[in-house]
Each structure stands twice: as structure tokens, then as C-alpha cells.
Amino acid sequence: MSYQIAIDGPAGAGKSTIAKLVSKELGFVYVDTGAMYRAMALNCLENGVDKDDEAGVVDLVSKTDVSIKYIDGEQAVFLNGENVNGRIRTPEVGNVASAISVYGEVRRKLVDLQQKLAVSENVVMDGRDIGSVVLPNADIKVYLDAEVEVRAKRRYDELIAKGEDAVFETILSEMKERDYRDMHRDISPLVKVADAYCVDSSYMTIEEVKDAIIKGFKEAIE
Ligand code: DC
137 MSYQIAIDGP AGAGKSTIAK LVSKELGFVY VDTGAMYRAM ALNCLENGVD
187 KDDEAGVVDL VSKTDVSIKY IDGEQAVFLN GENVNGRIRT PEVGNVASAI
237 SVYGEVRRKL VDLQQKLAVS ENVVMDGRDI GSVVLPNADI KVYLDAEVEV
287 RAKRRYDELI AKGEDAVFET ILSEMKERDY RDMHRDISPL VKVADAYCVD
337 SSYMTIEEVK DAIIKGFKEA IE
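Under the numbering used here, the first residue of the sequence shown carries the number 137, and numbering increases by one thereafter.
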């Protein structure tokens, strides 16, 4: 039996930063499921398939081979054999990922891949539906939250640090729109499961959040 740590929460709550640290400390594999939806979104953008055209998106997804490899301990997503990690971290790709992740066929393909990864490895997996759908029997199901203004400020600071143009109000309104869509879609919306281990990272340091999750996990497996 392998160990499973599920981390769900809205965009910008710090899931991937924390999941990476937790997996490093425990020696587990980190599975970033958002990167898989982003890769599919990039695929649509690069092939001129509109995010609102469900049939077109599903057709493209059915013809695309998606896989995961670990390069120097970092997860890389491959689309038809090509590593696309360098191209999926833009706000545009994030917004399209949120839009196409409402389609059942897109989710089925990626959930299947995610569940296969968790069978043989101890994993820390983050996303929106990990505790509710992908790994409902995880040892701990973390719901990592933060106030929307704090999350938007984090995204804004990240973009500015990368030397990109960013307008705080635009990021805030896009984030609210993304939260709404991720929480209200028909299939596998972001929910706080009944036995969620809730952490609000708004006024915590990264170290504090990491320690809280490791403590919760250790207590859960005792
Ligand atoms: O976590 P992220 O920002 O990289 O995710 C991008 C989008 O992908 C997110 O807005 C919704 C979708 N997603 C999802 O529906 N289910 C997941 N498990 C992970 C991401």
C-alpha cells in the first residue's frame, strides 16, 4: 500500500509550492495535476481549437497522447512525446485550462492517468478534485485556501518578478472568475470534502503551511 496526500484548493493558494516541499521532505513523488490540464489547454491554443467548442476540444484530446516523466525529480508533461513544461505557466493557459476542464471526456482521460500514477508510488498530488474524485481514500485530504486578494497579490508578484506586465485588478477579476468556474462546474467541482484537513495560508509562511500538513499526515497514519 502506498501513501497518498491529496491537496486541493483554489488557484494561487500555494498548492504546488507546498506540495513540492512536502514531497521533498517525505521522499514522495509530486504529481501536479493542474499541469496536465494546462498541457491540454496549450494543445488547444496551438491547434486553434476554441475552448468553448466542446466537440472540437474532446476530439483533439482523444487524439493526443499525454504522459508524465520525472526529470531531475521535477515533473514534466509530454504531449505526443514533446516536453511542454516551459510553455504552460501563463495566465492565458491557466484560464483555458479552467475552461476545458469542465468537459467530462477531458477529465476522464487525465483522472485515469493520475490514478495510475498513484498506484505504485507514495504521492503528494494537488489539484481541484483529488480528495473528492481522484484519490478519495487518501491518507489526508488537505483543503488549502487563502483570501482571494492575497492569492491575486501572490500571482501579481510572481509575474512582476518574472519581468512581465501585470495589472493587479485584472488578475483579481480573472482569479474570481476562475474560482467561480472551478467551484460551480457540473463535473467534479472544487469542493471541501467532509473530512478535509483545512489550512488557510493567507497569513502563514510557506514553512508553517508545510509543517501543518506534515503534522496532519503523520497524525492521520498513526
Ligand atoms: O492548479 P492550476 O492553476 O495549474 O490548474 C489550472 C486549471 O486546471 C484549474 O483552473 C482547473 C483545472 N484543474 C482541474 O479542473 N482539476 C485538477 N485536478 C487540476 C486543475
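Every residue gets a Cβ at the ideal spot worked out from N, C-alpha and C, and that includes glycine.
Shortest alpha-carbon distance to residue i belongs to which of the options?
| i | options | result |
| --- | --- | --- |
| valine 278 | Leu253, Lys346, Asp301 | Lys346 |
| cysteine 334 | Ser138, Met137, Gln140, Ala149 | Ala149 |
| serine 237 | Lys187, Lys298, Ile224, Val329 | Lys187 |
| alanine 233 | Val284, Phe304, Val185 | Val185 |
| proline 272 | Ala254, Glu358, Glu182 | Ala254 |
| arginine 287 | Met311, Ile296, Gly299, Arg225 | Met311 |
| leucine 280 | Met137, Ser138, Tyr139, Thr153 | Thr153 |
| aspartate 248 | Ile342, Val270, Asn258 | Val270 |
| aspartate 301 | Pro227, Arg244, Asp331 | Pro227 |
When you measure from the CB of residue i to every non-hydrogen atom of the ligand DC, does any distance come out below 7 angstroms?
| i | result |
| --- | --- |
| threonine 226 | no |
| arginine 287 | no |
| threonine 341 | no |
| aspartate 318 | yes |
| alanine 392 | This structure cannot settle anything about residue 392, because the visible part of the chain is limited to 137 through 358. |
| serine 338 | no |
| aspartate 248 | no |
| arginine 244 | no |
| serine 234 | yes |
| arginine 291 | no |
| isoleucine 266 | yes |
| alanine 147 | yes |
Is it the case that the Cβ atoms of residue i and residue j are separated by a distance below 8 angstroms?
| i | j | result |
| --- | --- | --- |
| isoleucine 141 | alanine 274 | yes |
| lysine 151 | isoleucine 143 | yes |
| threonine 169 | leucine 246 | yes |
| tyrosine 173 | valine 260 | no |
| glutamate 257 | serine 138 | yes |
| asparagine 221 | alanine 212 | yes |
| aspartate 318 | alanine 282 | no |
Please return the same chain residues whose Cβ sits closer than 6 angstroms to the Cβ of residue i, not counting the five positions on each side in sequence.
| i | result |
| --- | --- |
| serine 203 | Phe214 |
| aspartate 315 | Pro146 |
| glycine 240 | Ile323 |
| aspartate 265 | Ser324 |
| isoleucine 276 | Ile141, Tyr333, Gly352, Phe353, Ala356 |
| lysine 328 | Tyr279 |
| asparagine 219 | Ala212 |
Beta-carbon within less than 7 angstroms of residue i's beta-carbon, same chain only, minus the 5 sequence neighbours each way: which residues are those?
| i | result |
| --- | --- |
| arginine 119 | Outside the shown range of the chain (137 to 358) lies residue 119, about which nothing can therefore be said. |
| valine 158 | Ile141, Val260, Lys346, Ile349, Ile350 |
For residue i, I'd like the list of residues in its chain whose CB is within less than 8 angstroms of its CB, leaving aside the five on either flank, ordered along the chain.
| i | result |
| --- | --- |
| threonine 200 | Met176, Asn179, Leu215, Asn216 |
| valine 194 | Tyr239, Glu241, Val242 |
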